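Residues 1 to 360 in the UniProt record's numbering are what the sequence shown spells out, letter by letter.
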Amino acid sequence: MTKWFNTNYHYMVPEFVKGQQFKLSWTQLLDEVDEALALGHKIKPVLLGPVTYLWLGKVKGEPFDRLTLLNAILPVYQQVLAELAKRGIDWVQIDEPALVLELPPAWLEAFQPAYDALQGQVKLLLTTYFEGVSDNLATIAALPVQGLHVDLVHGKDDVAELHNRLPADWLLSAGLINGRNVWRADLTEKYAQIKDLVGKRELWVASSCSLLHSPIDLSVETRLDAEVKSWFAFALQKCGELALLRDALNSGDTAAITEWSAPIQAVAIRPACTTRRWKNGWRRSLLRTASAPAPMRFVRRHSASALTCRNGRPPPSGHFRKRPRSAACAWTSKRVTLTPVIIGRGLRNILSRRSSSRSG
Numbered sequence: 001m002t003k004w005f006n007t008n009y010h011y012m013v014p015e016f017v018k019g020q021q022f023k024l025s026w027t028q029l030l031d032e033v034d035e036a037l038a039l040g041h042k043i044k045p046v047l048l049g050p051v052t053y054l055w056l057g058k059v060k061g062e063p064f065d066r067l068t069l070l071n072a073i074l075p076v077y078q079q080v081l082a083e084l085a086k087r088g089i090d091w092v093q094i095d096e097p098a099l100v101l102e103l104p105p106a107w108l109e110a111f112q113p114a115y116d117a118l119q120g121q122v123k124l125l126l127t128t129y130f131e132g133v134s135d136n137l138a139t140i141a142a143l144p145v146q147g148l149h150v151d152l153v154h155g156k157d158d159v160a161e162l163h164n165r166l167p168a169d170w171l172l173s174a175g176l177i178n179g180r181n182v183w184r185a186d187l188t189e190k191y192a193q194i195k196d197l198v199g200k201r202e203l204w205v206a207s208s209c210s211l212l213h214s215p216i217d218l219s220v221e222t223r224l225d226a227e228v229k230s231w232f233a234f235a236l237q238k239c240g241e242l243a244l245l246r247d248a249l250n251s252g253d254t255a256a257i258t259e260w261s262a263p264i265q266a267v268a269i270r271p272a273c274t275t276r277r278w279k280n281g282w283r284r285s286l287l288r289t290a291s292a293p294a295p296m297r298f299v300r301r302h303s304a305s306a307l308t309c310r311n312g313r314p315p316p317s318g319h320f321r322k323r324p325r326s327a328a329c330a331w332t333s334k335r336v337t338l339t340p341v342i343i344g345r346g347l348r349n350i351l352s353r354r355s356s357s358r359s360g
C-alpha cells in the first residue's frame, strides 16, 4: 500500500507483469449503477482513468515499460463505457489526477491515443485534483472529452485562463469546496471566484475532490459547543454548501451564502487567531468551559503546563511526539528542558529518564 498522491489515504498498488492481459471480471460498479437507477437517482459513475492507473502501478518480475500495457487495457474501458451507455448514463467521470503531475513526455503523449479510443459512447468528464493543471492544459484541451473538472482549492489555476483556453463547448466543473477538510467554507469568497463565468459556458460547482476524505455528517456530533460546531462542515454539509452556491450563482441573490459564511468569517477576522500560541490558549479555555468531556488526546495536548519556546517560536504539535529535525532552539516548560544535545536520540525515553531522576 502507498499514499494516494499527497493525501493520508492509501491504496493497494496494482502490480503488472510483462505481457499482462486484462478482462472485465468485477461487475460491482454495474450492479450499483443498476440499483441507483432503479431507485430513480440521476448518477454520474466514476472510473479511474487508464493512464493514471498504469502510472500508479508497479512492475513485478522482468522490468518493462508500464505504458506498453495501454493498448491492452483500453478494450476493458471501452467495454465498461458501452455497458454504461446501454443503461442510459449521460456523463461518466473519468479521474486522471496524474495530469497535475510533471509527467515524462511519453506519458503525457499517451493521453491522446487513450481518449481517442474511449470517445463516443458517453460524455466524459476528465477529472483532476490535488493540484492545478495549467502546465498540462495544452494537452488536456486537445483531448476528445466533453468536460474538465479542476481543483480550485489546492490548485491555483486562474479560472479566466481556463475559460479562455478550453474549448467553448466544454463543461467546466469548478472544484470550489474543499473535499479534504472538515471546515465550513466562506461561500462569499467562492462566489466571487467563479461568478464571472456564469452564462459564458456550461458550469458545474463541485467539491475539490472526492468527499471520502471528510467525515460524513456533522449533525450526529451532539456534544460539540454550538459556536465551535458552526465552524465545521462534513460531507453532507459540504453538499449543502454546493447547493447554496449553485442557487446564488443562478439567481444572483447572495443573502443565503452570506448568512452561511458569517461564522467562519468571524473567526478569520479575530486578529489574535493568527498565532498558534493564542489558539492553544483558546483551546485550553474551551476545556475549562466545555459541558462535555473532551477526548483525552485533546486534553493531554492542550491542558496544564503548555510548552513555550525560548526564541518565541511555538513548540511542535503534540509536544514531543516527533523528533526535531534540527537544533534550532530548545523547548522548555516548568519541568523539562530539551536541549540540542539529545536531538539524535529517542526523546520520549530521555524525557522519561529525566523526569524520574529529578523526582528522585
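Note that beta-carbon positions come from the ideal geometry of N, C-alpha and C, so glycine has one too. Fair warning: this is a prediction, and the values are worked out from it, not measured in the lab.
Burial is judged here by how many other beta carbons sit within 10 angstroms of a residue's own beta carbon; PRO97 has at least 16 and is buried.
Residue range 171-177 is occupied by the beta strand (DSSP E) that includes SER173, with no alpha helix (DSSP H) assigned at that position. For the set ASP186, ASP253 and CYS209, the Cα lying nearest the Cα of ILE269 is the one of ASP186. Sequence-distant Cβ neighbours of LEU171 in its own chain, meaning closer than 6 Å and more than five residues away, are GLY147 and GLU202.
The region 73-132 contains, as complete alpha helix (DSSP H) runs of 4+ residues, the segments 105-109 and 111-118 (chain order). For the pair LYS60 and VAL17, the CB atoms are nearer than the 9 Å cut-off.
Counting the other CB atoms within 10 Å of its CB gives ASN178 a total of 16 or more, which places it among the buried residues. One thing to note: ALA233 has its Cβ within 9 Å of the Cβ of ARG184. Between the alpha carbons of ALA36 and LEU29 lies a gap of roughly 11 Å. Cα atoms of GLN237 and THR68: separation of roughly 43 Å, rounded to the nearest angstrom.
With a beta-carbon spacing of about 17 Å, VAL13 and GLY49 fall beyond the 8 Å limit used to define contacts. Between the alpha carbons of LEU103 and GLU62 lies a distance of about 23 Å. Relative to GLU15, the option among GLU221, THR2 and GLU227 whose CA is nearest is THR2. DSSP places LYS44 outside both helix and strand once states are collapsed to three, so it counts as coil. Under the three-state reduction of DSSP output, GLU15 falls in the strand class.
Judged by DSSP secondary structure, VAL33 falls within the alpha helix (DSSP H) whose first and last residues are 28-38. Separation of GLY252 and ASP65 (C-alpha to C-alpha, rounded to the nearest whole angstrom) is 52 Å. Taking each of LEU126, VAL133, ASP116 and GLY175 in turn and checking the Cα distance to ILE194, the smallest one comes out for GLY175. Counting the other CB atoms within 10 Å of its CB gives THR222 a total below 16, which places it among the exposed residues. Taking a contact as a CB-CB distance under 8 Å, the pair SER230 and PRO263 counts as one, their CB atoms being some 4 Å apart.
Nearest neighbour of LEU126 by Cα position, chosen from LEU197, ILE89, VAL46 and VAL80, turns out to be VAL46. Under the DSSP assignment, ALA206 falls outside any alpha helix (DSSP H), being part of the beta strand (DSSP E) whose first and last residues are 203-207. According to DSSP, LYS58 shares a beta bridge with GLU15.
Residues LEU187, ALA256, ILE257 and TRP260 of the same chain have their beta carbon placed closer than 7 Å to that of LEU244, with the five preceding and five following residues left out of the count. Per DSSP, the continuous beta strand (DSSP E) segment holding VAL150 begins and ends at 147-151. Per DSSP, reduced to three states, the secondary structure at HIS163 is helical.
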